[in-house]
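One structure is given below, encoded as structure tokens.
Number of protein chains: 2
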Amino acid sequence: MSTSASFSPKAALLEEYALVARAMSSPARLSILEQLAQGERAVEALAERTGLTVANCSQHLQQLRRSGLVTSRRDGKAVIYRLSDPKTLDLMDLLRIVAERNLAQVERILRGLSGGEEAPEPVSRADLATRLAEGSVTVLDVRPADEYAAGHIPGALNATLADLDKILPMLAPNTEIVAYCRGPYCVYAHQAVAALRTRGLNARRLEGGLPEWRKDGRPVLMASP
Amino acid sequence: MSTSASFSPKAALLEEYALVARAMSSPARLSILEQLAQGERAVEALAERTGLTVANCSQHLQQLRRSGLVTSRRDGKAVIYRLSDPKTLDLMDLLRIVAERNLAQVERILRGLSGGEEAPEPVSRADLATRLAEGSVTVLDVRPADEYAAGHIPGALNATLADLDKILPMLAPNTEIVAYCRGPYCVYAHQAVAALRTRGLNARRLEGGLPEWRKDGRPVLMASP
DNA sequence: TAATCGTTCAAGTGTTTAATTGAATGATAA
DNA sequence: TTATCATTCAATTAAACACTTGAACGATTA
Chain A
1 MSTSASFSPK
11 AALLEEYALV
21 ARAMSSPARL
31 SILEQLAQGE
41 RAVEALAERT
51 GLTVANCSQH
61 LQQLRRSGLV
71 TSRRDGKAVI
81 YRLSDPKTLD
91 LMDLLRIVAE
101 RNLAQVERIL
111 RGLSGGEEAP
121 EPVSRADLAT
131 RLAEGSVTVL
141 DVRPADEYAA
151 GHIPGALNAT
161 LADLDKILPM
171 LAPNTEIVAY
181 CRGPYCVYAH
191 QAVAALRTRG
201 LNARRLEGGL
211 PEWRKDGRPV
221 LMASP
Chain B
226 MSTSASFSPK
236 AALLEEYALV
246 ARAMSSPARL
256 SILEQLAQGE
266 RAVEALAERT
276 GLTVANCSQH
286 LQQLRRSGLV
296 TSRRDGKAVI
306 YRLSDPKTLD
316 LMDLLRIVAE
326 RNLAQVERIL
336 RGLSGGEEAP
346 EPVSRADLAT
356 RLAEGSVTVL
366 DVRPADEYAA
376 GHIPGALNAT
386 LADLDKILPM
396 LAPNTEIVAY
406 CRGPYCVYAH
416 QAVAALRTRG
426 LNARRLEGGL
436 PEWRKDGRPV
446 LMASP
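Heads up: the protein sequence lines correspond to chains A and B, in order.
Counting from 1, one number per residue, gives the positions in the first sequence under my numbering.
Counting from 226, one number per residue, gives the positions in the second sequence under my numbering.
The structure is reproduced here in structure tokens:
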């Protein structure tokens, strides 16, 4: 081009920034990042949870590593990956927010998740914390049982979407239910809220998910070892 | 995996988020976004300032439009593009921050801009505002003259890197100089600070650039019409 | 109405990417 | 050591992308 130096530092910087954006420009890699937001994971676990083959997942992880978003360490035979920077969570969240604000398609999909009904405003984490202290709320963790076991909001019940009916008897009809899942990219909480509301229950979604709750420094109950 | 959008709503959502990230995954498009952060622009102006051909620039703009990051309107013969959402600025800034924190290469390039010297901490916008009120600082706008004319921080001098020596006599040696340019993606301020410091002057960089200053609601002096 | 100008489209070329398969690595356990 | 297991590499195919060129469009002006 017409820039003064053949290797302008500015172009080099833009190249690096673009590398990070490119790492986030594939649904598969966003899915991996969402998993890593829950905590560090081995390749096989990531592959299983994202529905990718192990080899393919490994390739995507290499790309994420080149972009600096994840790092890895060895633990025996396994290679464990993790997010290298908590700010990556903020970046993913902002990416989602910008997409929601500017892409009509996103609005449409989210509306579809709520069964066409108007979804209520989510509950902020601060609100949930105060209401938990009062005991004026039932918290529902909509993630798979193993993720619940690895850590959850103290006092939360656990049920996947498929098991939702089984815990209905435990939900007092006049107490509001707050559902959460993995985080802003996870749609379980959206779907659970829609399902509960069609059953006449008063349910809302927690803003963000467990990683955001943890990042705020709020208490998380871990499984006893 | 499936390229056809909505098998599962979750996959469809990730696809949309990835679309936004993909739009930011090219140096050319980041360069265009940086220009649009200054204000709305016609295609030809964007092409000239980014060093792209008009046709190529137009293609990139189509992609940015598909991702929802920019919108356009017609003004006579010209089509004027602008950022559709101020949050895009935040997203670009966070992308840069994450890249700087996690890619050693970025650190290296930035160090190169400062001539190997340790660069001083940038001045926050709040600090500059109070020190401007005191008159205890000289502000230097390092952008091209036409961009300076279109709006700048009140009281700022203007000089490009090439013209820096011409304004040296106007800089009091015992008053700190604060240099700014287009924003966090622009390297002019970095380079100007390095150049001034080798001349023995006390210079620092403003955090962010004019778009960020404006976004904070701080005063900007516009050219009289 | 026709001519003009800025912008966009369509087609072609060379490069990069995602995903698959099967083989190669590297650490552990027998 | 050898066998085993999780992970990565290498080679392949099909798809997507960046950029160029020249033509087409749409609003303005002559």
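From the three backbone atoms N, C-alpha and C, an ideal C-beta is built for every residue, glycine too.
Quick caveat: nothing in here was measured; it's all calculated off a predicted structure.
A/I153 is outside the set of residues whose beta carbon lies under 7 angstroms from a beta carbon in chain B. If you compare the alpha carbons of B/L255, B/V362, B/A419 with that of B/I402, the shortest gap goes to B/V362. The C-alpha of A/L103 lies about 37 angstroms from the C-alpha of B/L353.
Cβ neighbours of A/R49 within its own chain (closer than 7 angstroms, five residues either side excluded): Q35. For B/Q330, at least one C-beta of chain A is nearer than 7 angstroms to its own C-beta. Residue range 9 to 23 is occupied by the alpha helix (DSSP H) that includes A/E16, with no beta strand (DSSP E) assigned at that position.
Per DSSP, reduced to three states, the secondary structure at B/V412 is coil, with no helix or strand assignment. The three-state secondary structure of B/V348, taken from DSSP, is strand. Among the residues of the region 307 to 326 of chain B, those with a Cβ less than 7 angstroms away from any Cβ of chain A are S309, D310, K312, T313, D315, L316, L319, L320, R321, I322, V323, A324, R326, in the order of the chain. Comparing alpha carbon positions, the residue from A/E40, A/H60, A/R66 closest to A/D75 is A/E40. Each residue's CA atom was taken as its position, placing B/D318 and A/G200 some 44 angstroms apart. With contact defined as three or more Cβ pairs closer than 8 angstroms, the region 417 to 431 of chain B and the region 379 to 395 of chain B are in contact. The Cβ of B/Y242 sits closer than 7 angstroms to at least one Cβ of chain A. Inter-residue distance for A/L14 and B/Y410 is about 8 angstroms (C-alpha atoms, whole angstroms).
For the pair A/S26 and B/A243, the CB atoms are nearer than the 7 angstroms cut-off. Residue pairing for A/Y81: DSSP places it in a beta bridge opposite A/R41, A/S72. Taking every protein chain shown into account, the CB of B/K235 has 16 or more other CB atoms within 10 angstroms, so this residue is buried.
Between B/L365 and B/T385, the alpha-carbon positions lie close to 10 angstroms from each other. Taking every protein chain shown into account, the CB of A/A133 has fewer than 16 other CB atoms within 10 angstroms, so this residue is exposed. Of all residues in the region 381 to 394 of chain B, none has a C-beta nearer than 8 angstroms to a C-beta of chain A. With fewer than 16 other Cβ atoms inside 10 Å of its own Cβ, B/V279 counts as exposed. Residue contact check for B/V412 against chain A: a CB pair falls below 7 angstroms. The C-beta of A/R73 has fewer than 16 other C-beta atoms within 10 Å across all chains shown, which makes the residue exposed.
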